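Below is one structure, written out as structure tokens; the observations come after it.
Numbering (the numbering used here), first residue to last: 119 to 334.
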């Protein structure tokens, strides 16, 4: 989904993250610790640290982007901007409010996917699809269920949140508690997966540094 964005953002390299346990990494065990996953992403980003870095995380990926930004800061790299998509406010999972994914049967997990949108109901009912997808969906839920952000503020960079106007899954706690930088909320038309049809490319491009001009 993210790879094509690069061709529509001139002068920008898009490096999409594929988590272990899915797509071409299906043979690898899914990640169990969100901070460890962020550390691995940070390792991969360090060769790019000599250029402006913008992090974009969608849904649970907003928390992964947050921890990646923190890890980059700890290594002396300041992200230019963090975009938290499908996560209006800070990713504070509250165990008393979240269902333990290990306690949900397959039907409940599928229903959760359908509620979020972005999954065809006929495809979701297919046993082969469930066998392939549900293990890493459960692993994602387990990882996020166990995650708690560190002491605030964690970041220094600006944060922009992007939320669909009919997305009922976005959080409700302020990102301003997690960064000392400015926080801006941007609303778009659509549900939790608004970005499939309408990627927020103009918004991303608007925070890029303006190249220096030579001559008059």
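Ideal placement from N, C-alpha and C gives every residue a C-beta, glycine not left out. Keep in mind it's a predicted model, so treat the numbers as computed, not measured.
Query raised in the report: Alpha carbon to alpha carbon, what distance is there between residue 160 and residue 194?
Result: When rounded, the separation of the alpha-carbon atoms in residue 194 and residue 160 is 12 angstroms.
Requested in this report: Pull up the DSSP beta-bridge partners for residue 303, would you.
Outcome: In the DSSP output, where bridge partners are listed per residue, residue 303 has 279.
Report task. Assign residue 98 to buried or exposed, taking buried as 16 or more other Cβ atoms, counted over all protein chains shown, within 10 Å of its Cβ. Result -> Any question about residue 98 goes unanswered here, given that the chain covers just 119 to 334.
Query raised in the report: Of all the options 228, 234, 271 and 267, which has the alpha carbon lying nearest to the alpha carbon of residue 250?
Result: Taking residue 250 as reference, the option from 228, 234, 271 and 267 with the minimal CA-CA separation is 228.
Query - With 16 other Cβ atoms within 10 Å as the buried cut-off, status of residue 241 - result: Sixteen is the threshold: since fewer than 16 other Cβ atoms of the shown chains lie within 10 Å of the Cβ of residue 241, the residue is exposed.
Query - Sequence-distant residues of its chain with Cβ nearer than 8 angstroms to residue 232 (five each side left out) - result: These residues qualify, in order along the chain: 239 and 242.
Report task. Would you check if there are 3 or more beta carbon pairs closer than 8 angstroms linking the segment 139-153 to the segment 161-168? Result -> They do not touch, by the three-pair rule.
**Report entry** As assigned by DSSP and simplified to three states, the class of residue 199
**Finding:** In this structure, residue 199 counts as strand in the three-state DSSP scheme.
Query raised in the report: With a CB to CB cut of under 6 angstroms and the five nearest residues on each side skipped, what residues in its chain are close to residue 276?
Result: Within the same chain, residue 276 has close Cβ partners 199, 299 and 300.
Requested in this report: Give the secondary structure of residue 263 by DSSP, where H, G and I count as helix, E and B as strand, and everything else as coil.
Outcome: The answer is helix: DSSP assigns residue 263 an H, G or I state.
Query raised in the report: Near residue 308, which residues of its chain fall below 6 angstroms by C-beta distance, leaving aside the five closest residues on each side in sequence?
Result: Residues 282 of the same chain have their beta carbon placed closer than 6 angstroms to that of residue 308, with the five preceding and five following residues left out of the count.
Query - Proximity of residue 236 and residue 202 at Cβ, strictly below 8 angstroms - result: Cβ atoms of residue 236 and residue 202: not closer than 8 angstroms.
Requested in this report: Measure the Cβ-Cβ separation of residue 142 and residue 134 and say whether it is below 8 angstroms.
Outcome: No; because the gap between Cβ atoms is not below 8 angstroms, this pair is not in contact.
Report task. Could you spell out the range, first to last residue, of the beta strand (DSSP E) harbouring residue 175? Result -> It spans 172-176 - the beta strand (DSSP E) in which residue 175 sits, taken as one unbroken run.
Report task. Taking residue 181 as the reference, give the member of 189, 197 and 152 with the closest Cα. Result -> The shortest CA-to-CA distance from residue 181 to any of 189, 197 and 152 is the one to 152.
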